[in-house]
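Under our numbering, residue 195 is the last one in the sequence shown; the count climbs by one each step, no gaps.
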Amino acid sequence: MKSLSKVCTAGCSFCCHQNVRVHFGEGPAIEKFIKEEMPSQTKTQVKQNLISWFKYFDSITPNGRVLNDADILKFEKQITVERIPCAFLVNDMCSIYKARPLVCRTHFLHDSSELCNQDPHRNGDIAGIEIQKQKFVEISKVSDMLGIRLLAYAVQESLGLNHTCKPVGLVVTPTLRPIV
Numbered sequence: 016m017k018s019l020s021k022v023c024t025a026g027c028s029f030c031c032h033q034n035v036r037v038h039f040g041e042g043p044a045i046e047k048f049i050k051e052e053m054p055s056q057t058k059t060q061v062k063q064n065l066i067s068w069f070k071y072f073d074s075i076t077p078n079g080r081v082l083n084d085a086d087i088l089k090f091e092k093q094i095t096v097e098r099i100p101c102a103f104l105v106n107d108m109c110s111i112y113k114a115r116p117l118v119c120r121t122h123f124l125h126d127s128s129e130l131c132n133q134d135p136h137r138n139g140d141i142a143g144i145e146i147q148k149q150k151f152v153e154i155s156k157v158s159d160m161l162g163i164r165l166l167a168y169a170v171q172e173s174l175g176l177n178h179t180c181k182p183v184g185l186v187v188t189p190t191l192r193p194i195v
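In structure tokens, the structure reads:
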């Protein structure tokens with residue numbers, strides 16, 4: 016990734032206003048970072064952000080059944096339109112940057128930073144998407160769990176939350192498939 020040209024810079028957080036999905040194998044590394052390296056003040060802020068995220072998620076997703084792919088995709092469109100930030104975005108910086116998810120590590124834009132405010136969720140560079148596909152396969156080979164889940168679901172317990180999460184069925188990985 017370091018060798019690829021990109022317009023992304025520290026403090027630019029336009030693309031951080033969306034839902035983030037993680038591979039099951041990434042959760043433990045993020046949780047370890049939270050427990051061992053994240054400053055307590057940051058943990059407090061992230062916990063508050065996560066509570067707000069869950070409140071928003073619970074208010075716009077259906078109740079009483081397992082959420083399906085269409086429910087999650089509808090939620091993701093809504094969160095993007097309303098520019099709801101990732102719970103780990105603190106002062107326009109990623110609070111888990113060292114342990115950030117693969118989807119975040121491999122998303123970058125190379126066209127123009129001026130477009131980020133107008134369309135922060137435009138397709139990233141195909142080279143990053145290809146690296147993401149390759150790394151996802153590698154993670155799947157070493158992880159005893161296969162699949163993708165919502166980042167908030169993966170880390171809520173490590174922040175001391177005991178939120179009753181809505182059940183989610185099979186979750187697709189939209190960044191690993193062409194967007195039409």
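Ideal Cβ placement from N, Cα and C applies to all residues, glycine included.
Selection from the options that minimises the alpha carbon distance to residue i
{"i": "Y71", "options": "L174, Q56, R98", "result": "R98"}
{"i": "R164", "options": "E145, Q93, P182, K62", "result": "P182"}
{"i": "S55", "options": "V96, S110, K150", "result": "S110"}
{"i": "Q147", "options": "N83, G42, C119", "result": "C119"}
{"i": "D134", "options": "E46, F29, A25", "result": "F29"}
{"i": "F39", "options": "T24, L176, A167, G175", "result": "A167"}
{"i": "V197", "options": "L88, I141, S74", "result": "Because the chain spans 16 through 195 in this model, residue 197 falls outside it and cannot be assessed."}
{"i": "K92", "options": "I75, V105, N106, M108", "result": "I75"}
{"i": "C180", "options": "A142, E153, G79", "result": "G79"}
{"i": "A25", "options": "Q149, E153, A142, D107", "result": "D107"}
{"i": "K47", "options": "G143, T121, K113", "result": "K113"}
Cβ-heavy atom distance, residue i to the ligand HEM, below 6 Å
{"i": "A169", "result": "The ligand HEM is absent from the structure shown, which contains no ligands of any kind."}
Beta-carbon separation (whole angstroms), residue i vs residue j, contact threshold 8 Å
{"i": "N64", "j": "A102", "result": "4 Å"}
{"i": "E172", "j": "L117", "result": "Contact doesn't hold; Cβ gap of about 21 Å is too wide."}
{"i": "H32", "j": "P100", "result": "5 Å"}
{"i": "V37", "j": "A169", "result": "5 Å"}
{"i": "T58", "j": "L174", "result": "First, the amino acid is wrong: residue 58 is Lys here, not Thr. That pair is a contact at about 6 Å."}
Neighbour flag for residue i against chain C, beta carbons, 7 Å
{"i": "K50", "result": "Judged by its chain identifiers, the structure shown contains no chain C, having just a single protein chain."}
Range covered by the alpha helix (DSSP H) that runs through residue i
{"i": "V170", "result": "166-170"}
{"i": "G42", "result": "42-51"}
{"i": "N132", "result": "130-133"}
Identity of the residues DSSP links to residue i by a beta bridge
{"i": "H32", "result": "Answer is none; H32 lacks a bridge partner."}
{"i": "I163", "result": "H38"}
{"i": "V183", "result": "L82"}
Checklist line | 4-residue-minimum alpha helix (DSSP H) runs that sit fully inside the stretch 71-124, ordered along the chain | finding: 84-96, 117-121
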